[in-house]
Every structure is written in C-alpha cells, then in structure tokens.
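Numbering (our numbering), first residue to last: 2 to 271.
No residue lacks a Cβ here, since even glycine has one placed at the ideal position from N, Cα and C.
These notes concern the structure reproduced below.
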C-alpha cells in the first residue's frame, strides 16, 4: 500500500468549487448515470440493514437512497465540503479519508463502494491499493463495487459537443486514448480513464475474483448529451432519455459495448 498518500490539490479544489450533487440530478446524462448505477447495485446488494462503506461517496448522492432503503451507510471522502454534505443526510455518517488508507477495521462492512476514487488515481499502484483496501474491510462474501470512466468517453463526449474539431482537443483526446491520462482541460479535473479490460485486470490483481462488468449509461448517452447541448432542453423523462435507458439495458450482455458507456461498474467480492 501507499505509505503516505495525498489527494492531488487540484482534485480537492475542483470538487470544492463544483456541485457534484447537482450533476447527477439536473441533467439527463447525469440522471442516466445515477439511475443505472442505483439499478445495478440494487441487483446485487444484500438485504438491509447491511453495513455499507461508501468510499469517495462525494456529497452522499448514493448514500441518501441507500439510507432510505434501510442500509447503515458511512461515507469516506477527501473533500471537506462533501463530508459536511453527507453528514447532513439522515442515517448517514461520514469522515475525511483516502481510499488507499481506510481507517475501518478488517472485515467490518458488508458492502464497499468505490464509485469515484479509481478515476482520480493516475498510478496503477494507487488503484490497486484502493481495491485492496476495499477487500480488506469487506466481510467474507461481501459485495465490492468499483466504477471507472471509459477511456473512450472523452472522444465520444467531444463528438457530442463538437469540441473534437479543435486541434488542441484532438491532441488531448489522442493522448488520453493512448495513455489513459486526462489533464483536466475542460469541465473536469485530472483523471485516469480505463478500458473495461484494464479495470477487470486490476480488480483481479487486487485479489478480487470473478468481477462482473457493466456498462452504466450504455451507448445512447452520446445522443442525449448532444441534444442537451444544442437545444438546452431538459431531457429527463423524455422519449430520448427512455430510449437511452433501454439501450443501456439491452447492451449489458455484449462486452464489446461496455466501453461505449461513459462509466462502467465492476461488481465482485473479496
């Protein structure tokens, strides 16, 4: 494990200034990500009141519905603003912390969520540490769910917003496709984007077995993003949103389509 990990300050600054809770509630692409993540988790979660450790849980967006479903939820996040937001939710506790060095004791949580940390860890050793820590604190037979951002999502996103026509954007996209690293050029902070094959390999290397991988948004999110961008329409609940949701479900069994999602989810156990 990393001996003295530190979260990069630009990541803390980005989430301090941005409204992560609104991102998943006010746009169709954000709502699609949220709804599908919740849908996929609910397929695998043990019955409430199981103990859930939401590592990198942000402002408690997923912690809220988990607590409403009767789970005992504790959020760990490196952003003070997010900890303050999470503890304001009924039934949720929270602490400042790092995915690579959890304070929880061994085998204490029935569910461990890593829905944010992996894509802010550029180094493979740090991602493996975060996954290994999740395995350490999970109970035998417990559920571990880890999310990643697709290596191909910047290319698809910039197609939807026509940014790909700019030469500087093209250079950045080429670099991300080749290296996985994103320098935070537009609308996001520094990040590492993975292929589903890479995520599966790292989950396995961390000692977790037989991961199931899901594309979260499916291939339809690109159309939703483009329409939102150029019409300024709220597409939540519209026919195009429902079509994207249906496409995500249909695409699930087809591994070749996993990486067309903006995010994907690996679900496994220790």
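In terms of residue numbering, what span does the alpha helix (DSSP H) encompassing residue i cover?
{"i": "residue 134", "result": "125-138"}
{"i": "residue 34", "result": "29-45"}
{"i": "residue 225", "result": "222-232"}
{"i": "residue 93", "result": "Run containing residue 93: none in the alpha helix (DSSP H); it sits in the beta strand (DSSP E), 93-97."}
By the 10 Å Cβ neighbour count, where 16 or more other Cβ atoms means buried, how is residue i classified, buried or exposed?
{"i": "residue 63", "result": "buried"}
{"i": "residue 249", "result": "buried"}
{"i": "residue 152", "result": "buried"}
{"i": "residue 168", "result": "exposed"}
{"i": "residue 18", "result": "exposed"}
{"i": "residue 21", "result": "buried"}
{"i": "residue 180", "result": "exposed"}
For residue i, which residues from the same chain have a beta carbon less than 6 Å from its beta carbon, with the 5 sequence-adjacent residues on both sides left out?
{"i": "residue 73", "result": "50 and 52"}
{"i": "residue 155", "result": "174 and 177"}
{"i": "residue 150", "result": "120, 194 and 264"}
{"i": "residue 8", "result": "79"}
{"i": "residue 97", "result": "84"}
{"i": "residue 200", "result": "149 and 267"}
Tell me the residue span of the beta strand (DSSP E) that contains residue i.
{"i": "residue 214", "result": "210-216"}
{"i": "residue 52", "result": "52-56"}
{"i": "residue 110", "result": "110-115"}
Can you name, in chain order, every residue of its own chain whose Cβ lies under 8 Å from the Cβ of residue i, other than the five neighbours on each side?
{"i": "residue 171", "result": "165"}
{"i": "residue 187", "result": "164 and 170"}
Can you give the beta carbon distance from residue i to residue j, rounded, assuming they're within the 8 Å contact cut?
{"i": "residue 65", "j": "residue 90", "result": "5 Å"}
{"i": "residue 92", "j": "residue 76", "result": "So it is not a contact: roughly 11 Å between Cβ atoms."}
{"i": "residue 241", "j": "residue 225", "result": "6 Å"}
CB-CB under 7 Å to residue i, same chain, minus the five flanking residues each way: which ones, in chain order?
{"i": "residue 118", "result": "56, 57, 100 and 131"}
{"i": "residue 223", "result": "157, 160 and 161"}
{"i": "residue 220", "result": "248, 252, 258 and 261"}
{"i": "residue 67", "result": "53 and 74"}
Original post:
How do the region 255-265 and the region 209-218 stand: do at least 3 beta-carbon pairs fall below 8 Å, yes or no?
Top reply: By the Cβ test, the region 255-265 is in contact with the region 209-218, since at least three Cβ pairs between them sit closer than 8 Å.
Original post:
Are at least three pairs of beta-carbons, each pair with one atom in the region 119-137 and one in the region 97-111, less than 8 Å apart?
Top reply: Output reads yes: the region 97-111 touches the region 119-137.
**OP:** Would you check if the region 194-210 and the region 132-147 touch, i.e. whether three or more CB-CB distances between them fall below 8 Å?
**Re:** A contact is defined here as three or more CB-CB pairs under 8 Å, and the region 132-147 meets this definition with respect to the region 194-210.
Subject >> Meets three-Cβ-pair contact criterion under 8 Å: the region 228-246 and the region 15-29 >> reply: Three or more beta-carbon pairs drawn from the region 228-246 and the region 15-29 are found closer than 8 Å, and the two stretches are therefore classed as touching.
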